[in-house]
Amino acid sequence: MSFIKNKYYLIVYMFMINFSLYNYAHAALGTYNFTLKGNVTLVTCGVDSGTADKSIDMGKMSIRNLKKPGDKSPRMPIPFNLIQCPPNAQVTFSFVGEQNSIDKQLLALSNANATTTAKHVAIEITDAKHNRVPISLSGGTLNKSPIFLADNNGNLSVVFYANYIATDGAATAGIANANVEFRIDYQ
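Note that this note's numbering has the sequence shown beginning at 955, numbered continuously upward.
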């Protein structure tokens, strides 16, 4: 009987504690409004698995070809194949990565301060018409590519290009790798 009595008191005490916490949690602190926005779509754009993760070989470039600011290497293609987009969707791409310290539109080389990294060099990303697509900083406003249209079946093939570019002087020899993330926006 004592066990049941103790259990009863325990339940009563727990109820009292919970009720007091409930009242405290519902004290008037003010009213705050926020808006949630989004869309539920029938289909979403996806990247064909064969073109999702990329490793683009930029090749070897002689520093003799990158002597002064603006000198560029040959462009290397970066193909994207999108599938299952809404028919005739308007699609833009954004490239997010570390911006070059001299020109924020360019992609900085990884480990830029390492002694083995090439100096005075960045990577430029362009569309098929040679228009530069500026690099976006993570967490910042996205710089978007021109609009591309998916076909009636929701498919889209796009090719961007990457090239080395001399930034603020003659390039020095070294490793010239970089990482960039691409994002897709469509309507």
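By construction, the Cβ of each residue, glycine as well, lies at the ideal position given by its N, Cα and C atoms.
Keep in mind it's a predicted model, so treat the numbers as computed, not measured.
Strand pairing of residue i, partner residues [DSSP]
{"i": "Met1030", "result": "Ala1116"}
{"i": "Ser1048", "result": "Lys1098 and Arg1137"}
{"i": "Lys1073", "result": "Thr1126"}
{"i": "Ser1055", "result": "None, per the DSSP bridge assignment."}
{"i": "Gly1000", "result": "Ile1037"}
{"i": "Arg1086", "result": "Thr1080"}
Alpha carbon of residue i to alpha carbon of residue j, nearest angstrom
{"i": "Leu1096", "j": "Val1050", "result": "8 Å"}
{"i": "Met1012", "j": "Ser1064", "result": "14 Å"}
{"i": "Ser1003", "j": "Ala1116", "result": "21 Å"}
{"i": "Asp1081", "j": "Lys1098", "result": "11 Å"}
{"i": "Ala1066", "j": "Thr1126", "result": "12 Å"}
{"i": "Val1112", "j": "Val1001", "result": "11 Å"}
{"i": "Gly1094", "j": "Lys1022", "result": "30 Å"}
{"i": "Thr998", "j": "Ser1016", "result": "43 Å"}
{"i": "Asn1131", "j": "Ala1068", "result": "12 Å"}
{"i": "Ser1092", "j": "Glu1052", "result": "8 Å"}
{"i": "Gln1141", "j": "Arg1018", "result": "45 Å"}
{"i": "Pro1028", "j": "Leu1020", "result": "11 Å"}
Close-in-space but distant-in-sequence residues of the same chain around residue i (CB under 7 Å, 5 per side omitted)
{"i": "Asn1054", "result": "Leu1060, Leu1061, Ala1062, Ala1076 and Thr1121"}
{"i": "Ile1129", "result": "Thr1070, Thr1071 and Ala1072"}
Own chain residues within Cβ distance below 8 Å of residue i, not counting five before or after
{"i": "Phe1136", "result": "Phe1034, Phe1047, Ser1048, Phe1049 and Val1050"}
{"i": "Ile1079", "result": "Ile1032, Phe1049, Leu1061, Arg1086, Val1087, Ile1089, Phe1114, Tyr1115, Ala1116 and Val1134"}
{"i": "Met1030", "result": "Ile1010, Asp1011, Met1012, Gly1013, Tyr1115, Ala1116 and Asn1117"}
{"i": "Gly1024", "result": "Ile1119 and Ala1120"}
Close beta carbons around residue i, own chain, < 6 Å, minus the five adjacent residues each side
{"i": "Asp1139", "result": "Thr1046"}
Inter-residue CB distance, residue i and residue j (contact presumed, cutoff 8 Å)
{"i": "Ile1119", "j": "Lys1014", "result": "Not a contact, Cβ separation roughly 16 Å."}
{"i": "His1074", "j": "Ala1124", "result": "6 Å"}
Closer than 7 Å: residue i CB and nearest the ligand ZN heavy atom
{"i": "Ile1079", "result": "Only the bare structure without any ligand can be found here, which leaves the ligand ZN out of the picture."}
Legend entry - Sufficient close CB pairs (3 or more, under 8 Å) joining the segment 1094-1105 to the segment 1042-1049: Output reads yes: the segment 1042-1049 touches the segment 1094-1105.
Inset, instruction - Taking 8 Å as the threshold, find out whether the segment 1018-1038 comes into contact with the segment 1108-1116 through three or more Cβ pairs. - result: By the Cβ rule, the segment 1018-1038 counts as touching the segment 1108-1116, because three or more pairs are nearer than 8 Å.
Inset, instruction - Determine, using beta-carbon pairs with one atom in the segment 1006-1024 and one in the segment 1058-1068, whether at least three such pairs fall under 8 Å. - result: Verdict: no, contact absent.
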